[in-house]
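FYI, the UniProt record's numbering numbers position 182 of the sequence shown as 182, with every residue one higher than the one before it. Don't be surprised by glycine CBs; every beta carbon is placed ideally from N, CA and C. Just below is one structure, and these are the notes that go with it.
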Amino acid sequence: MRKTYSPEFKAKLVMEVLRGERLLNEIASENNVHPNMLTRWKTDATNNFHILFENENAKIRKQAKDYEAQIEELYKQIGKLTAQYEWMKKKLESNFHRKQRILMVDWNDPVFPVSVQAQMLSLNRSSLYYKPLPSSEWDLQLNRLIDITYTKHPEFGYRRITAWLESCYGFHADKKTVLSRMQEMGIQAVYPRQNTSKPNPANKIYPYLLKDVQASYPNHVWSIDITYIPIRKSWLYLTAIIDWYSRYVLSWTMNDTLEIPFVLEACKYALRDARPSIMNSDQGSHFTSPKYINLFLEAGVLISMDHRGRAYDNIFIERFWRSLKYEDIYLKDYSYPREARLGIRKYMDFYNNKRPHQSLGYKTPAGVYFDRE
């Protein structure tokens, strides 16, 4: 029998996660709840906060009316959708390997539970679940040293980083482990290489539009990227959007997993007040996702993507990550997610509004972006 949880229990755990004083995995383990389930509860809660301020009775009446109007049409579609479902299920199983189908599972989908998704993708549901183990001190130290080394030497591949850890820090790790961690952190050496990877055929790769292009006004070109943020007991992921012309950071978000919603949140926030002519990113799965692409296409924005293995195509945000880490992250050595978020928020304000840039004639990014200096 499937275990059920009371609304009070869910609310208690979600509030503890939102306070940011403890890691989500710790809270989940202590309460015998799967971390992905707790993540879904948190997403559901944050997406529905506005309901507290609405007239619930009016909303229920409207939903009931809409539901009645749709019933007749829905019955007509049932037969058609059933046939389409069976056709799609067969196509997925015959055209995608098991690993590819596992990557299609959305653990936070509010409509389809993982059990339903597993059935649709012809997967064994039990094989999708695992109990994550707490990261050891050795694991955390390895991630920190890889991050520090890569930030200083982005041209290093996993072999040179492995050797560097041994020679400079006396830290031994085998090459396969270093490669695995770099893939987990979403980093790779910066140099031209032959593209031997097989992109997901469902996701279009857009050309790089910025060769020999210099941004000549605010909102001409934006860039987006994700970086790894080490904290003492774990790590976080930070995504940011920067304006090429002014170096102004338009928006940023943090999360303890690499799920796409926190990337989309940063995009939606930036698009509230402005539109770039061109939006540039790497070819990561977040930035080839239709959810990401459609946000900008619907806003009339051209999409540009770096060549694979060429992080310098996105040089302005790479320089920003370097400044952030050397001027704040490595100095502060944050312990908890909430502490890291507060500290990074202060740095973002300092970077945008107070830190002069030599390339901007010693003006601030905000001063140039808003034409105040």
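In this structure, does DSSP put residue i in helix, strand or coil?
i, result
"residue 364", "coil"
"residue 104", "coil"
"residue 252", "strand"
"residue 357", "strand"
"residue 235", "strand"
"residue 222", "strand"
"residue 227", "strand"
"residue 212", "coil"
"residue 302", "strand"
"residue 274", "coil"
"residue 280", "strand"
"residue 240", "strand"
"residue 152", "helix"
"residue 390", "Beyond the ends of the chain as shown, which are 1 and 373, falls residue 390; an answer cannot be given."
"residue 343", "helix"
"residue 173", "coil"
"residue 262", "helix"
"residue 18", "helix"
"residue 207", "coil"
"residue 34", "coil"
"residue 246", "coil"
Find out if the Cβ-Cβ distance for the pair residue i, residue j is shorter than 7 Å.
i, j, result
"residue 17", "residue 24", "yes"
"residue 281", "residue 269", "no"
"residue 242", "residue 316", "yes"
"residue 175", "residue 159", "yes"
"residue 299", "residue 324", "no"
"residue 232", "residue 357", "no"
"residue 144", "residue 123", "no"
"residue 215", "residue 245", "yes"
"residue 149", "residue 164", "yes"
With distances taken from CA atoms, which of the options is nearest residue i?
i, options, result
"residue 220", "159, 185 and 302", "302"
"residue 8", "300, 184, 41 and 69", "41"
"residue 337", "226, 236 and 211", "236"
"residue 218", "152, 265, 367 and 203", "367"
"residue 253", "124, 348, 48 and 114", "348"
"residue 209", "11, 278 and 267", "278"
"residue 228", "216, 6, 258 and 157", "258"
"residue 239", "284, 139, 206 and 245", "284"
"residue 10", "44, 319, 20 and 26", "44"
"residue 31", "226, 19 and 14", "14"
"residue 21", "365, 364 and 342", "342"
"residue 370", "329, 203 and 274", "274"
"residue 110", "153, 256 and 48", "48"
"residue 293", "307, 65 and 260", "260"
"residue 153", "332, 318 and 78", "318"
"residue 234", "339, 276, 173 and 328", "339"
At the level of alpha carbons, what is the spacing between residue i and residue j?
i, j, result
"residue 121", "residue 83", "16 Å"
"residue 105", "residue 169", "39 Å"
"residue 334", "residue 178", "23 Å"
"residue 200", "residue 362", "Bear in mind that a pLDDT of 49 at residue 200, under 50, signals an unreliable position, so the number given afterwards is only what the model happens to contain. Answer to the nearest angstrom: the Cα atoms are 44 Å apart."
"residue 195", "residue 295", "A caution first: residue 195 carries a pLDDT of 36, below 50, which makes its placement in the model unreliable, though a value can still be read off. Their backbone Cα atoms lie some 27 Å apart in a straight line."
"residue 5", "residue 38", "11 Å"
"residue 353", "residue 346", "11 Å"
"residue 69", "residue 88", "28 Å"
"residue 35", "residue 107", "10 Å"
"residue 206", "residue 117", "29 Å"
"residue 435", "residue 262", "Only positions 1 to 373 of the chain appear in the structure, and residue 435 is not among them; the question remains open."
"residue 12", "residue 161", "43 Å"
"residue 306", "residue 230", "26 Å"
"residue 226", "residue 355", "22 Å"
"residue 297", "residue 290", "10 Å"
"residue 374", "residue 249", "Residue 374 lies beyond the residue range present for the chain, which begins at 1 and ends at 373; the question has no answer from this structure."
"residue 125", "residue 29", "21 Å"
Buried or exposed: which applies to residue i, given that a residue is buried once 16 or more other Cβ atoms fall within 10 Å of its Cβ?
i, result
"residue 287", "buried"
"residue 142", "buried"
"residue 304", "buried"
"residue 151", "buried"
"residue 212", "exposed"
"residue 223", "buried"
"residue 181", "buried"
"residue 157", "buried"
"residue 350", "exposed"
"residue 85", "exposed"
"residue 147", "buried"
"residue 198", "Confidence at residue 198 is low in this model, with a pLDDT of 38, below 50, so its placement is unreliable and the value that follows should be read with caution. Burial call: exposed."
"residue 321", "buried"
"residue 114", "buried"
"residue 62", "exposed"
"residue 3", "exposed"
"residue 64", "exposed"
"residue 95", "exposed"
I'd like to confirm something about residue i: is its beta-carbon nearer than 6 Å to some heavy atom of the ligand SAM, or not?
i, result
"residue 336", "Inclusion of the ligand SAM in the displayed structure is not the case, the ligand content being empty and no account of it being possible."
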